[in-house]
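Before any comments, here is the structure.
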């Protein structure tokens, strides 16, 4: 059967995931087109929505890079009160989502959110309008994106990454291909050298190395010193065919892909 795809929480490093998705579209489009579910957490939900709703991935990547440049021009960067990150995300989605976005997304796009009242992770895949897609795919970190969380059908929700960085398709028979901009045990992630320290968060294993430290900084605060890392997806689109080939031939998921 087909394999679902999960885009982890990623912050500004969602550009990495957009590059991965763009490369799949170019070299192996059947992987995306046949996926029964495209899941996203935090900024990864923006990538998931872009894939499911057939948005121009290069345009979304460029919007993120442009916004990151603007953020760096403000004192305190994204923490400056003038920066409305949540509002920007919602505006970008409303601008680029097609009118029938909710129809494309229903039952296929799965977005994680954290319910404010009890911290429970909610997987949302039912959308009544284009505006619902834009709202639910906009991540909200308290303090970082403001102080009043958005409400959906009378319930307040926070960023899905607070209750799980890498969503997995429900159901024991489902297989999920995971994409993460931080090196670790995800199916597609940066290939750092082995290290002696692992970080486990919500069941996801990440490497506790210096490279990941810089990635975490760049994900939430794109500074001048690490700015080149923001463009990782641009060069990644040139080399990922090798990764896809390895995935098809060596990964445990390969038989599923080759049978399609």
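Numbering (the UniProt record's numbering), first residue to last: 1 to 260.
Backbone N, C-alpha and C define an ideal beta-carbon position, used for all residues, glycine too.
Residue i classed as buried or exposed, judged by whether at least 16 other C-beta atoms fall within 10 angstroms
| i | result |
| --- | --- |
| residue 182 | buried |
| residue 118 | exposed |
| residue 142 | exposed |
| residue 12 | buried |
| residue 200 | exposed |
| residue 120 | exposed |
| residue 184 | buried |
| residue 98 | exposed |
| residue 129 | exposed |
| residue 230 | For residue 230, the predicted model reports a pLDDT of 42, less than 50, meaning its position is unreliable and no value from the coordinates is stated. |
| residue 151 | exposed |
| residue 153 | exposed |
| residue 210 | exposed |
| residue 191 | exposed |
| residue 100 | exposed |
| residue 70 | exposed |
| residue 149 | buried |
Coil, strand or helix - residue i by DSSP
| i | result |
| --- | --- |
| residue 9 | coil |
| residue 250 | With a pLDDT of only 41 at residue 250, under the threshold of 50, the placement of this residue in the model should not be trusted, and no figure is reported. |
| residue 49 | helix |
| residue 166 | coil |
| residue 118 | coil |
| residue 19 | helix |
| residue 141 | coil |
| residue 197 | coil |
| residue 154 | coil |
| residue 110 | strand |
| residue 4 | strand |
| residue 97 | coil |
| residue 41 | strand |
| residue 192 | coil |
Pick from the options that is closest to residue i, judged by C-alpha positions
| i | options | result |
| --- | --- | --- |
| residue 17 | 217, 68 and 188 | 188 |
| residue 112 | 42, 106 and 22 | 42 |
| residue 40 | 68, 122 and 65 | 122 |
| residue 84 | 147, 207 and 48 | 147 |
| residue 160 | 29, 46, 104 and 185 | 46 |
| residue 95 | 63, 69 and 103 | 63 |
| residue 202 | 165, 44 and 209 | 165 |
| residue 124 | 2, 194, 10 and 49 | 49 |
| residue 87 | 44, 137, 170 and 51 | 137 |
| residue 66 | 15, 24 and 37 | 15 |
| residue 139 | 103, 153 and 93 | 93 |
| residue 44 | 24, 149, 167 and 127 | 167 |
| residue 180 | 51, 193 and 204 | 204 |
| residue 105 | 3, 33, 10 and 218 | 33 |
| residue 116 | 217, 134, 157 and 91 | 157 |
| residue 4 | 35, 194 and 171 | 35 |
| residue 38 | 176, 195 and 220 | 176 |
Beta carbon proximity, residue i to chain D, threshold 8 angstroms
| i | result |
| --- | --- |
| residue 156 | As a matter of chain content, chain D is missing from the structure shown, which is built from one protein chain. |
N- and C-terminal bounds of the beta strand (DSSP E) containing residue i
| i | result |
| --- | --- |
| residue 204 | 204 to 207 |
| residue 186 | Here residue 186 belongs to no beta strand (DSSP E), and DSSP marks it neither H nor E. |
| residue 129 | No beta strand (DSSP E) contains residue 129, which DSSP labels as neither H nor E. |
| residue 179 | 176 to 179 |
Limits of the alpha helix (DSSP H) - the one that residue i falls within
| i | result |
| --- | --- |
| residue 57 | 57 to 72 |
| residue 219 | 210 to 220 |
| residue 29 | 29 to 33 |
- Message: Would you call the stretch 99 to 111 in contact with the stretch 58 to 73, where contact means no fewer than 3 C-beta pairs closer than 8 angstroms?
- Response: Touching, no, given that fewer than three Cβ pairs across the two stretches are closer than 8 angstroms.
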